[in-house]
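*Asks:* Going left to right, the sequence shown walks through residues 1 to 192 as full-length UniProt numbering numbers them.
Pasting in a structure now, in structure tokens, and then I'll have a few things to ask.
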Amino acid sequence: MYERVENSQQQQAFESMWEHICKRNNWINDPYDPKGIRYNLLFPQDRRFPFFNKKKIIGTIEFLRYNPKSPYCTVEGQGRYCFSELKEIKQYTDRVWEIDKLCLSEKFQHKGYFTSFFHVFEDHIFNHRPKFYIGLMEKKFFQMMQMKFGFAIESKAEMKGPGTSLMAVVFDVEKLMNDIKKVETLKKLAKI
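Spelled out as structure tokens, the structure:
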């Protein structure tokens with residue numbers, strides 16, 4: 001389950017989760033782009049007694065329209081990768097989105113909840129038709145993503161980040177969505 005962040009209460013919950021993760025991992029908390037599309041990943045509710053359930057946020061993700069000149073761009077600039085020089089990014093600039101502020105609470109890691117992000121990606125893909133997602137990911141996280149998504153996600157470079165190695169990645173959304181077998185497997189994992 002997830003919710004799109006559309007009001008100040010949801011935004012406050014998003015910020016609380018994300019900033020906790022930043023502090024815990026000693027990450028830099030980039031400013032929030034007013035045009036960013038944010039989602040809160042929610043703990044699945046008990047369907048038998050929904051009125052007893054309090055909404056619990058277990059993760060976050062933000063999508064930003066790629067604009068290397070934007071002050072909110074988190075993937076391009078000094079000390080970062082030059083995605084704007086890639087042929088495929090130049091060709092589809094209007095269909096490239098940055099992935100930022102992606103996290104899953106440490107209490108829910110390694111317990112099968114990460115696949116719930118597939119619902120969020122599916123919603124964003126359906127509504128915005130991206131060709132590529134780009135981002136900077138921790139090396140271990142990239143390796144896990146590559147196991148899930150295969151050749152649709154590709155590393156362009158490895159860089160040193162604050163306390164960790166970061167991978168500059170390009171995620172070919174259309175390549176993944178055209179792999180019917182992979183999509184069906186992901187849907188089963190996410191229990192769609």
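Glycine included, every Cβ here is placed at the ideal spot set by N, Cα and C.
Assign His20 to one of two classes, buried (16 or more other C-beta atoms within 10 Å of its C-beta) or exposed (fewer than that).
*Replies:* Your numbering for residue 20 matches position 20 in the sequence shown. His20 comes out exposed.
*Asks:* When you compare each of Val169, Phe151, Thr60 and His124 to Tyr32 by their alpha carbons, which one comes out closest?
*Replies:* Here residue 32 refers to the residue found at position 32 when the sequence shown is read from its first residue. The residue with the shortest Cα to Cα distance from Tyr32 is Thr60.
*Asks:* In whole angstroms, what is the alpha-carbon distance linking Asn7 and Asn67?
*Replies:* On the sequence shown, residue 7 is found 7 positions in, with the first residue counted as 1. On the sequence shown, residue 67 is found 67 positions in, with the first residue counted as 1. So the alpha carbons of these two residues sit roughly 25 Å apart.
*Asks:* Specify, as a first and last residue, the run of the alpha helix (DSSP H) that His89 falls within.
*Replies:* To locate residue 89, count along the sequence shown from 1; it is residue 89. According to the sequence displayed, residue 89 carries Ile and not His. Residues Lys87 to Gln91.
*Asks:* Assess, as a yes-or-no matter, whether the region 70-79 is touched by the region 103-111 under the definition of 3 or more beta carbon pairs within less than 8 Å.
*Replies:* Because the criterion of three Cβ pairs below 8 Å is not met, the region 103-111 and the region 70-79 do not touch.
*Asks:* Does DSSP put Cys103 in a helix, a strand or coil?
*Replies:* Position 103 of the sequence shown holds residue 103. Reduced to three states, the DSSP call for Cys103 is strand.
*Asks:* Terminal residues of the continuous beta strand (DSSP E) containing Ser165?
*Replies:* Within the sequence shown, the letter at position 165 stands for residue 165. Residues Thr164 to Asp172.
*Asks:* CB-CB under 6 Å to Met17, same chain, minus the five flanking residues each way: which ones, in chain order?
*Replies:* Counting from one through the sequence shown, the residue named residue 17 turns up at place 17. Taken in chain order, the residues that qualify are Ile57 and Thr60.
*Asks:* With the cut-off set at 9 Å, would you say Val183 and Ile89 are in Cβ contact?
*Replies:* Taking the sequence shown and counting its residues from 1, one reaches residue 183 at position 183. Taking the sequence shown and counting its residues from 1, one reaches residue 89 at position 89. Against a cut-off of 9 Å, the Cβ pair of Ile89 and Val183 comes out as no contact.
*Asks:* Just to confirm my understanding: we take Asp172, look at its own chain, exclude 5 residues before and 5 after, and list those with CB closer than 7 Å. What are they?
*Replies:* Numbered from its first residue, the sequence shown carries residue 172 at position 172. Taken in chain order, the residues that qualify are Phe132 and Ala152.
*Asks:* Phe117: which of Phe149, Leu86, Cys82 and Lys87 sits nearest, CA to CA?
*Replies:* Along the sequence shown, one-based indexing puts residue 117 at 117. Ranking the options by Cα distance to Phe117, first place goes to Phe149.
*Asks:* Note down the Cα distance separating Glu122 from Met147, rounded to an integer number of angstroms.
*Replies:* One-based indexing of the sequence shown puts residue 122 at position 122. One-based indexing of the sequence shown puts residue 147 at position 147. For Glu122 and Met147, the distance between alpha carbons rounds to 18 Å.
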